[in-house]
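Student: Structure in structure tokens, see below.
Protein chains in written order, with the numbering used here: chain W, 294 to 383; chain V, 294 to 383.
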């Protein structure tokens, strides 16, 4: 029973990590389609990219692969949205 | 030395968690100022709110206060941005 609880907790953590990492994907798709991101805060993206990069470093220090992998996905998506925002600004 | 490494790893995790939780604050301020959020993906906010809510549940299951607190800040900020997006749509 304790083992079952530990496993289900881990599954919840994995699903939570998956959702928070892929959350920027709909934003990326929307921005690619509409070719504008004027209402998206660039400072939000910078703070997010800094935080997510630190999470990767934390994952490396703790040798925690799920943290490294999910945050690597996040950083790629966030950098892509930030680049598109800069591109469509001009 | 091992203790020092453990403490500095924890500090990195706390700073990372702080940055990712408050990242939506610049978006909230920008949306409040400009009274529009047409370019912000609503689906992104929904996925993010679902993920962050699951993180809170994960934190409760593991009795991990930093996870609970940082993700509660996130959920409040994200729900605020989502509400403003709906408000300024009409």
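From the three backbone atoms N, C-alpha and C, an ideal C-beta is built for every residue, glycine too.
Would you say residue 302/V faces chain W, with C-beta separation under 8 Å as the test?
Tutor: yes
Student: Step through the CB atoms of chain V and report whether any lies within less than 8 Å of the CB of residue 309/W.
Tutor: Yes, residue 309/W lies at the interface with chain V (some Cβ there is under 8 Å from its Cβ).
Student: By the DSSP assignment, the alpha helix (DSSP H) with residue 241/V in it spans what residues?
Tutor: The structure shown does not extend to residue 241/V, since chain V spans only 294 to 383, so no value can be given for it.
Student: Quick one: Cα of residue 304/W to Cα of residue 316/V, how far?
Tutor: Taking the straight line joining both Cα atoms gives about 26 Å.
Student: In chain V, which residues lie less than 8 Å from residue 361/W when you measure between Cβ atoms?
Tutor: Contact of residue 361/W with chain V by beta-carbon distance below 8 Å is absent, the smallest such distance being about 12 Å.
Student: Closest to residue 346/W by C-alpha separation, out of 306/V, 295/V, 296/V, would be which residue?
Tutor: 306/V
Student: Can you tell which of 311/W, 324/W, 353/W has its C-alpha closest to the C-alpha of residue 302/V?
Tutor: 353/W
Student: Tell whether a beta-carbon distance below 8 Å holds between residue 334/V and residue 320/W.
Tutor: Residue 320/W is positioned such that its CB atom lies closer than 8 Å to that of residue 334/V.
Student: With DSSP run on the structure shown, which of helix, strand or coil describes residue 331/W?
Tutor: coil
Student: For a test of the three-state rule: what should DSSP assign to residue 323/V, helix, strand or coil?
Tutor: helix
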